[in-house]
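Engineer:
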Amino acid sequence: MTRILVVAEQQDGELKKATLSTITMARQIAERTGGSFDLLTMGPGASGAAAALGGYGAGTVFTIEGDAWSHYLAQPYANATAQVASEIGATHVLCSSGTTGKDFLPRCAAILSAGMVADCVDLAGAGEALLYKRPMYAGNILATVKVNTPVTVVSVRASEFDAAGASGGASAVQAFGANGGTCQARFVSFDGVVSERPELGDADVVVSGGRGLKDGDGFFRIMEPLADALGAAIGASRAAVDSGFCPNDMQVGQTGKVVAPKLYIAVALSGAIQHLAGMKNSKTIVAINKDEEAPIFQISDYGLVADAFQAVPELASKLNSL
């Protein structure tokens, strides 16, 4: 019988939006195969996250916390996930394909001798003969993958699945005594960026700037007022990041973050294929670029051919006056 273990991402008890999308995929697998799913949450705040997860239809919500889990490290997380999966007889292990999932899931797959599907965007096949779809070559090809191992590990592209809603009921919560195994790495420090803006991967509105903003001063001078007016997260193209305009964690694209907000505004950004792979599933795309031949206009719902240094401050001013 199919039994799915979903690793729920949380920070200090607050669930990541990507977790709810991963639960949606778990439900789809369970419905197709007549199986069930459980949840696992680890680290500081795990008990608080477990309480929030209780109404989503899981059989059990497992928690792992304590001094050994005060900071994230890939190997202990992989060992603990594999231990839980083995003890409950999980046939599938799922987590979102964000920074954490990409880091520890391959290690978990190796421990379990499991086939892994990276960046899954959809399911195919029927019943227990499940097939998985994943993008290749910057999303230009969708590969349909079959996994032949007894256990399947899947990283889920959260932007492709709707966030799950609570289904009622209350799942059992069980503390799990994992030790994390041996680990040669040790936690040194964490330098977080404090921001009042929403996280890039979770935001409903994203405004992204490109190399056309000329330099770092121009980038933030143009983008911040627009983001403030819309309550948006700020993203960037790889060209802008490589040029030193902004930090790496703001990059959207094939080698950056994949986003699918309700509104995506691309400013002075040409729309290279690698960037499009990270945002083309946004619900509404608006492009502002003075080059009317820019590729971004080919996928945008609304386009404005204009100088960003003139158009964007005016747009931000109009939005603030509403």
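Each residue of the sequence shown is one higher than the last, beginning at -18 in my numbering.
Glycine included, each C-beta is placed from N, C-alpha and C at the ideal position.
Given the structure is predicted, the values throughout are model-derived calculations rather than measurements.
Given this structure, state the Cα-to-Cα distance separating P179 from M231, to the nearest angstrom.
Structural biologist: 12 Å
Engineer: Buried or exposed: where does Q291 fall if 16 or more other Cβ atoms within 10 Å of its Cβ makes it buried?
Structural biologist: exposed
Engineer: Just the Cα atoms here: how many angstroms apart are P116 and E141?
Structural biologist: 11 Å
Engineer: Below 8 Å, how does it come out for the region 159 to 179 and the region 54 to 64: are there three or more Cβ pairs, yes or no?
Structural biologist: yes
Engineer: Once DSSP output is grouped into helix, strand and coil, what is the label at E(-5)?
Structural biologist: strand
Engineer: F18 bridges to which residues according to DSSP?
Structural biologist: I(-15)
Engineer: Just checking, does the region 180 to 189 make contact with the region 233 to 242 on the three C-beta pairs under 8 Å criterion?
Structural biologist: Touching, yes.
Engineer: Output yes or no for whether 8 Å exceeds the beta carbon distance between F43 and V65.
Structural biologist: Taking 8 Å as the cut-off, the beta carbon of F43 is found closer than this to the beta carbon of V65.
Engineer: Enumerate, from N- to C-terminal direction, the unbroken beta strand (DSSP E) stretches of 3 or more residues contained entirely within the region 88 to 143.
Structural biologist: 96 to 101, 103 to 107, 110 to 117, 122 to 126, 133 to 137
Engineer: Helix, strand or coil for L181? Go by DSSP, reduced to three states.
Structural biologist: coil
Engineer: Let me confirm a value: A216 is counted as buried when at least 16 other C-beta atoms fall within 10 Å, else exposed. Which label applies?
Structural biologist: Rather than Ala, the amino acid found at residue 216 in this sequence is Gly. Under a 10 Å Cβ-count criterion, G216 is classified as buried, with 16 or more other Cβ atoms of the shown protein chains found around its own Cβ.
Engineer: Between the alpha carbons of D223 and A275, how many angstroms are there, rounded?
Structural biologist: 20 Å
Engineer: If I measure Cβ to Cβ from K261 and keep anything under 6 Å in the same chain, skipping five residues before and after, which residues do I get?
Structural biologist: I280
Engineer: Out of curiosity, what's the CA-to-CA distance linking L20 and T41?
Structural biologist: 6 Å
Engineer: If I measure Cβ to Cβ from K127 and keep anything under 7 Å in the same chain, skipping five residues before and after, which residues do I get?
Structural biologist: L112
Engineer: Is V102 buried or exposed, if buried means 16 or more other CB atoms sit within 10 Å of its CB?
Structural biologist: buried
Engineer: Considering G197, what are the terminal residues of the alpha helix (DSSP H) in which it resides?
Structural biologist: Looking at the DSSP string, the run of the alpha helix (DSSP H) that includes G197 is 197 to 211.
Engineer: Could you name the residues of the same chain whose beta carbon sits closer than 7 Å to that of V293, not counting the 5 residues immediately before and after it, in chain order?
Structural biologist: I203, L207, V248, I269
Engineer: Determine the direct distance from the alpha carbon of C76 to that of G47, and round the result to whole angstroms.
Structural biologist: Between G47 and C76, the C-alpha separation is close to 22 Å.
Engineer: Could you give the residue range of the alpha helix (DSSP H) that holds S28?
Structural biologist: 27 to 34
Engineer: Measuring alpha carbon to alpha carbon, tell me which residue in D209, A31, A99, A159 is nearest S152.
Structural biologist: The residue with the shortest Cα to Cα distance from S152 is A31.
Engineer: Do T133 and V175 have their CB atoms nearer than 8 Å?
Structural biologist: no
Engineer: So, helix, strand or coil for G40, using DSSP?
Structural biologist: Reduced to three states, the DSSP call for G40 is coil.
Engineer: Measure the alpha-carbon distance for Q255 versus G96 and round it to whole angstroms.
Structural biologist: Straight-line Cα distance between these residues: approximately 27 Å.
Engineer: For the beta strand (DSSP E) that contains H73, what are its first and last residues?
Structural biologist: 73 to 77
Engineer: Do G161 and A11 have their CB atoms nearer than 8 Å?
Structural biologist: no
Engineer: Within this structure, are the beta carbons of G36 and G(-6) separated by less than 8 Å?
Structural biologist: no
Engineer: Taking I4 as the reference, which of L194, L(-14), I69 has the closest Cα?
Structural biologist: L(-14)
Engineer: Are the Cβ atoms of L211 and L303 separated by less than 8 Å?
Structural biologist: no
Engineer: When burial is assigned at 16 or more other CB atoms within 10 Å of the CB, is Q(-9) buried or exposed?
Structural biologist: buried
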